[in-house]
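Residue numbers (this note's numbering): 26 to 358.
So the structure is just underneath, and the comments pick up after that.
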Amino acid sequence: MNRRTIITGTGHYVPPRIVTNFDLEKLMSTSDEWIQQRTGIKTRHHVEPGVGSSDLGVEAAARAIAAAGIDKSSIDFLIAATVSPDYTFPGIGVQIGAKLGIPGIGALDVRNQCTGFIYGLSIADQYIRTGMYKRILLVASEVQSTNLNYSDDGRDTAVLFGDGAAAVICEPHEAEDGRGLLSTHLWADGRFVETLWQPYPTVKDKPYVNQAVIDNKLAFPRMDGKKVFVNASERMPEAVMTGLTANGLTVADIDLLIPHQANDRISQMVAKKLQIPLEKVVRNIDRYGNTTAASIPLALDECVLEGRVKPGDLVVLASFGSGFTWASAVLRW
Ligand code: UT7
């Protein structure tokens with residue numbers, strides 16, 4: 026018997042407030058023209074104060090549960106991926122379980138930044154294929170807008186990131202129709218920790234929260250954008266090729282490629298390196314910015330809602346981000 030993991034429901038949720046590049050022009054020396062030319066982003070969504078990643082995650086999860094047509098009480102495990110948890114601890118997994126009204130089941134938090142969703146999918150796949158769990162809720166959710174430096178020295182990151190959440194339901198699939206998750210591949214290289222990170226507040230400081238961190242504007246993400254750009258453009262195509270080769274497939278077999286939405290120029294570069302037509306590459310960064318762990322499942326759910334993905338299609342996911350971590354997944358939808 027060949028048991029695979031299949032995604033039976035998808036959902037996404039973004040907070041209603043849309044922030045345009047023109048809105049950001051009022052806060053820092055930037056321009057709609059610069060942001061669009063360098064990143065492809067036109068708008069992103071920001072939460073209102075008081076809303077956390079767990080709140081967005083619950084909304085997305087409820088939509089995925091409805092799409093799967095399942096009773097939430099049948100979910101037997103929960104995986105949550107975020108770089109922006111509501112609290113330092115605990116993670117949002119336990120909160121999402123409680124807010125959804127399904128406390129008690131195991132909840133695992135994944136901290137792999139932009140690749141969090143594929144890492145989470147890989148974990149879900151192991152549990153499903155071994156038979157340990159039969160219905161896993163995998164949620165990726167980010168509230169990043171409250172932790173960006175909206176001044177000139179933070180403009181390289183503040184314009185990029187957005188808030189949003191997306192979720193999928195993973196179940197076993199035993200039919201011999203070729204459908205399901207074919208593979209996941211994961212990589213990490215911590216030699217690049219300082220290329221994209223948020224080092225403060227740090228437990229290495231005593232006290233952990235101190236005035237110098239605030240005064241020196243240290244508690245914000247920091248990035249060497251060019252280095253990240255170059256590595257993302259190299260590693261994502263490699264990750265796709267590894268996934269395809271492991272399954273005896275080629276780029277020509279791909280129906281839909283969903284790259285992490287970090288910068289539209291990176292997505293175009295990935296397409297060029299793989300020599301895949303842009304029509305097959307999902308690109309929605311113009312409306313959401315970079316929603317980190319949520320970006321791939323959010324794009325996937327939009328494809329489902331638009332009828333852009335059909336049963337039997339070969340869907341390839343690829344991501345790259347802080348860590349560095351990178352990953353790919355190959356699915357027969
Ligand atoms: O989720 C995964 C992680 N993130 C990524 O994958 C992001 C990867 N990196 C990038 O997307 C790009 O490197 C950026 C969009 C961050 C920057 O684009 P770039 O083409 O690499 O620009 P740059 O860093 O070389 O900066 C060019 C100029 C600089 O000014 P000078 O030194 O030439 O005078 C920057 O200070 O653009 C300036 N700049 C801005 N100008 C207006 C940087 N950010 C902005 C801004 N508005 N928001």
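Glycine residues also receive a C-beta, built at the ideal position from the N, C-alpha and C atoms.
Item: Length of the line joining the Cα atoms of residue 245 and residue 294; Value: 28 Å
Item: Sub-8 Å separation of residue 307 and residue 281 beta-carbons; Value: yes
Item: Sequence-distant residues of its chain with Cβ nearer than 8 Å to residue 300 (five each side left out); Value: 276
Item: Rounded C-alpha distance that separates residue 65 from residue 310; Value: 7 Å
Item: Pairwise C-alpha distance: residue 114 and residue 356; Value: 33 Å
Item: Beta-carbon proximity of residue 347 to residue 243, cut-off 8 Å; Value: no
Item: DSSP three-state assignment for residue 119, whether helix, strand or coil; Value: helix
Item: Same chain, Cβ closer than 8 Å to residue 329, five either side skipped, listed in chain order; Value: 35 and 92
Item: Pair within 8 Å by beta-carbon distance, residue 106 and residue 135; Value: yes
Item: Exposure label - residue 313; buried when at least 16 CB within 10 Å; Value: buried
Item: Selected residue, minimal CA-CA separation from residue 28, among 155, 85, 40 and 228; Value: 155
Item: Residues that residue 248 bridges to, as DSSP identifies them; Value: 221
Item: When 240, 73, 80 and 182 are compared against residue 165, the one with the closest alpha-carbon; Value: 80
Item: Beta-bridge partners of residue 43, as assigned by DSSP; Value: 70
Item: Start and end residues, beta strand (DSSP E) containing residue 345; Value: 339-346
Item: Minimum C-alpha distance to residue 150 - residue among 116, 353, 206 and 335; Value: 206
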